[in-house]
Amino acid sequence: MLSRIITDGFKYPFKNWQLFLMVGMLSLLSAGYSFFLLSILTIGTQSVTEIISVVITIIISIVTTIILEGYGISIIKDTINNSNDPIFINPIENMKTGIKSIVVNIVYYIIPLIIISAISIYLDLFGVIGEIMSYNAQYGANYINHISPVLIVNLILVFIIMGIILLISTYFLIIAKCRLAKYDSIKSAIQIKEILNDIAKIGWVKYTIYLIVLGILIVVIESIGLIFNLGGFIGSLLRMFIIGSFITLFIPRIYGSIYKIAKKRR
Numbered sequence: 668m669l670s671r672i673i674t675d676g677f678k679y680p681f682k683n684w685q686l687f688l689m690v691g692m693l694s695l696l697s698a699g700y701s702f703f704l705l706s707i708l709t710i711g712t713q714s715v716t717e718i719i720s721v722v723i724t725i726i727i728s729i730v731t732t733i734i735l736e737g738y739g740i741s742i743i744k745d746t747i748n749n750s751n752d753p754i755f756i757n758p759i760e761n762m763k764t765g766i767k768s769i770v771v772n773i774v775y776y777i778i779p780l781i782i783i784s785a786i787s788i789y790l791d792l793f794g795v796i797g798e799i800m801s802y803n804a805q806y807g808a809n810y811i812n813h814i815s816p817v818l819i820v821n822l823i824l825v826f827i828i829m830g831i832i833l834l835i836s837t838y839f840l841i842i843a844k845c846r847l848a849k850y851d852s853i854k855s856a857i858q859i860k861e862i863l864n865d866i867a868k869i870g871w872v873k874y875t876i877y878l879i880v881l882g883i884l885i886v887v888i889e890s891i892g893l894i895f896n897l898g899g900f901i902g903s904l905l906r907m908f909i910i911g912s913f914i915t916l917f918i919p920r921i922y923g924s925i926y927k928i929a930k931k932r933r
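Heads up: the sequence shown at position 99 corresponds to 766 in my numbering, and the numbers run straight through without jumps.
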């Protein structure tokens, strides 16, 4: 089952090259192009024209990000409905769905972020970081030898807790996105009892293993993508274009395929 899901996920992005290129362009607009243009425009003097250009660039980045978010939900929906052909981008519909998806993201991450903020304040994370930066400024490359072990332990502890909390939230958010795709309803995406039932139908161990494998694959793909960075600016753009497009198509397809297991066992 897992090998079939992964194989299908790898094949899916390449079923329509026109779509792959279109998603790549949106990925570029959403990430690389915007950051590059912003980095140029924020250096030196800022004329009215430059400020307007920055605002336009930010708007383009936000709009394309929302479209891609909604498009990912559309892929999940098509996958759940047993469609094997890639669905094309519908900007208006994808925008609407993308906004819903972002709302769901906020719902699932707001409490973890509050908890993380409270822990960071309790362990004085920002004070620790500030102290480490002062050591770096004072001792240069040898600053690590002058830092108190307690500071390092606190810093590591905070990041471990942050990672665990965010992983737990994401664990349930994935099924929430699948429910959003299936029912087109934010309410359905936040019904915790139903989400737990869906995971139970998939199998808690199986679902966990699937996500671990998916996580490893994403890390490997992103690591391979870093090779493009050796090509300088053009290489970085190619990485965002190719890897961005692949990931955008690959991940939702896997999510939908996993959720179909729960659907079959209803």
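Built from N, CA and C at the ideal position, the CB exists for glycine as well.
The three-state reading of DSSP puts Ser750 in coil, since its state is none of H, G, I, E or B. The C-alpha of Leu824 lies about 10 Å from the C-alpha of Ser787. Only buried fits Val771, as 16 or more other CB atoms lie within 10 angstroms of its CB. Assigned with DSSP and collapsed to three states, Met668 falls in coil, not helix or strand.
Shown here for Ile828: same chain residues with a beta carbon closer than 8 Å to its own, the five before and five after excluded, namely Ile783, Ile786 in chain order. Contact between Pro753 and Phe917 does not hold, since the beta-carbon distance rounds to 11 Å and is not under 8 Å.
Per the coordinates, the alpha-carbon of Thr746 lies some 20 Å from the alpha-carbon of Ile885. Looking from the CA of Leu878, the closest CA among Ile859, Gly923, Ile727 belongs to Gly923. Excluding five sequence positions before and after Ile910, the CB atoms of its chain that fall closer than 6 Å to its own CB belong to Gly892, given in chain order.
Between Ser836 and the set Val880, Val774, Asn864, Gly870, the nearest pair of CA atoms involves Val774.
Restricting attention to Ile894, Ser903, Arg920, Arg846, the CA atom closest to the CA of Leu881 is found in Arg920. The three-state secondary structure of Gln858, taken from DSSP, is coil. For the pair Leu693 and Ile740, the CB atoms are not nearer than the 8 Å cut-off.
By a beta-carbon distance limit of 8 Å, Ile743 contacts Ala848. Their separation comes to about 4 Å. Here Phe913 has Pro680 as same chain residues with Cβ atoms under 6 Å from its own Cβ, once five neighbours each way along the sequence are excluded. Between the alpha carbons of Thr724 and Tyr776 lies a distance of about 27 Å.
The DSSP-derived three-state label of Leu686 is helix.
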